[in-house]
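Encoded as structure tokens, the structure appears first; notes follow it.
Protein chains in written order, with the numbering used here: chain A, 36 to 230; chain B, 2 to 345.
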């Protein structure tokens, strides 16, 4: 049953990511990406890593949603995009790297037979608890570093976006139109006064 | 999956539970449209649906026939595949989220019932350790429905609806997570069964007394999550025709509605289980009836708010979420953390 589920998920994920890479349509590519990300959480659930599975679901659903909004701003979602394939050297290097990676992936079971877990999950702890225990003891420093990096990203985001926060185009437009109207009225009254 | 219960959870029990949840929620979702129109009419002093059947009860059947027989229209220049998938995403994810929601207490079929006698039916179809996170993730994935619907239909109102979906999702999601974090810290688990067992000691033990702020924040974020009226920006008729459902008709449109009502029920159940004692028995009232009463109350609350308040603008929603609710939720989490640290 587990084997069947694994091959089911693996095939679907591979197909969906192939669509993501090969499709010229933004909408298809993004949808396949989102679906693939959601299905990856299925693999985590199969490995009894329920916490990681749920996190995968929550994080990537939001992240891909943000990508969608960029796609919405930059592309016409219902038209095919002309892709520019870079120089032959880049294609060659990337293709070679992917080939090496595939070889490593397929030989990984041979290499990894003697691998044992350095920090096995604590006895009797539920899945989120086990993750928390390792995260806040052994891996506290990387965790904190990641937190600081996120803080830096957040502050720079606020600075970049906040430069013209007080400036509202609609307010400017509204005052402009009011000004021009009142000026027009003043002109009219002056003219009337002249007559 | 490990279970600490005495009863053995069999696949028959899980299947029955899934069937019960599915049937009840579908039926309530259908009946909910009638209730919604009737309650709104009552609050606005007009009769509401009253022509078809006694008290307009058969209006439901009339609507169903209309939805089934209506032409299934797909715009010429739309992306047909995505356009057809989008409503299914909304409805399916709403029910997937329900898989991890405890709707009624667990029970065992009495022995005298043929075939099913002695089968134990668990309170949740899939009691995973991370129930709350899973529900959040599944409900969030449901928003791909409106997003894809809006983007695929080649309609300006649709694309505005899709853009609003993204904006709304990015605004309220933080508040939902943070408002639930404080109760999670008190209970020390992500499983909704543990939440229920934490509050078995009568009304005084309900989470709402310990976390009133989190309760209010969760409700507000829940209204945004289900597109209920103060935050129904996605399809607000007066501004963007129907937003993401502009080009939809017939059953595909109906699927969006079923998904929305199922999500309303999920949020109502979550609010009941996390903050209001869940499905524990209350004095003489059995647990399943208590659960029904609580869910009905939250459902009514959603209609009540819809009748009472105008909807907000998208910029007001973002302002509310990021500048008011999120700092409040963070403050709540920090205070809860200090209290937990001091008392533990």
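Glycine is no exception: its CB is placed at the ideal position from the N, C-alpha and C atoms.
Which class does residue 120 of chain A belong to by DSSP, given the choice of helix, strand or coil? coil
For residue 187 of chain A, the three-state DSSP class (helix, strand or coil): helix
Please report the straight-line C-alpha distance between residue 19 of chain B and residue 343 of chain B, rounded to a whole angstrom. 42 Å
6 Å CB neighbourhood of residue 30 of chain B in its chain, flanking five on each side removed: 259, 262, 263
From residue 94 of chain B to residue 254 of chain B, what distance separates their C-alpha atoms? 16 Å
Candidates B:16, B:74, B:59, B:46, of which the one nearest residue 252 of chain B by Cα: B:74
Extent of the continuous alpha helix (DSSP H) to which residue 316 of chain B belongs: 315-320
Cross-chain neighbours of residue 86 of chain A in chain B, by beta carbon under 9 Å: 130, 131, 134, 191
Can you give me the start and stop residues for the alpha helix (DSSP H) that residue 159 of chain B sits inside? 157-188
Name the two residues that bound the continuous alpha helix (DSSP H) containing residue 195 of chain B. 193-199
DSSP three-state label for residue 56 of chain B, please. helix
Beta-bridge pairing of residue 115 of chain A - partner residues as DSSP gives them: A:60
With a cut-off of 8 Å, do at least 3 Cβ pairs link the region 169-180 of chain B to the region 220-228 of chain B? yes
For residue 21 of chain B, would you say it is in contact with chain A, using Cβ-to-Cβ distances shorter than 8 Å as the test? no
Quick check on the burial criterion: 16 or more other C-beta atoms within 10 angstroms. Buried or exposed for residue 185 of chain B? buried
Between the Cα of residue 132 of chain B and those of B:15, B:103, B:214, spot the shortest distance and give me the residue it belongs to. B:103
Proximity to residue 329 of chain B [Cα-Cα], best of B:233, B:212, B:239: B:212
Have a look at B:163, B:23, B:146, B:158 and flag the residue whose alpha-carbon is nearest the alpha-carbon of residue 105 of chain B. B:23
For residue 75 of chain B, name the three-state secondary structure that DSSP assigns. coil
Which residues of chain B have a Cβ atom closer than 8 Å to the Cβ of residue 97 of chain A, listed in chain order? 141, 170, 171, 174
Let me confirm a value: residue 174 of chain B is counted as buried when at least 16 other C-beta atoms fall within 10 Å, else exposed. Which label applies? buried
State yes or no: is the beta carbon of residue 61 of chain B nearer than 8 Å to at least one beta carbon in chain A? no
Are any of the Cβ atoms in chain B nearer than 8 Å to that of residue 163 of chain A? yes
On the DSSP letters alone, give me the boundaries of the alpha helix (DSSP H) that residue 254 of chain B sits inside. 251-276
State whether the region 163-173 of chain B contacts the region 228-243 of chain B, with contact taken as three or more CB pairs (one from each stretch) at a distance under 8 Å. yes
Cβ neighbour criterion (16 or more within 10 Å) applied to residue 314 of chain B: exposed
In chain B, which residues lie with their C-beta within 9 Å of the C-beta of residue 92 of chain A? 134, 135, 137, 138, 139, 141, 142
Of all the CB atoms in chain B, is at least one closer than 8 Å to the CB of residue 81 of chain A? no
Could you tell me whether any Cβ in chain A is nearer than 8 Å to the Cβ of residue 163 of chain B? yes
Would residue 189 of chain B be called buried (16 or more neighbouring beta carbons within 10 Å of its own) or exposed? exposed
Pair every Cβ in the region 198-217 of chain B with every Cβ in the region 121-141 of chain B, then say whether three or more of these pairs are closer than 8 Å. no
Is it buried or exposed for residue 237 of chain B, if we count other Cβ within 10 angstroms and need 16 for buried? buried
Cβ closer than 9 Å: which chain A residues qualify as neighbours of residue 24 of chain B? Correct list: empty, because the minimum Cβ distance to chain A is about 26 Å.
For residue 212 of chain B, which of helix, strand or coil comes out of DSSP? coil
What number of angstroms, rounded off, separates the C-alpha of residue 162 of chain A from the C-alpha of residue 81 of chain A? 13 Å
Under a three-way DSSP split, which group does residue 102 of chain B fall into? coil
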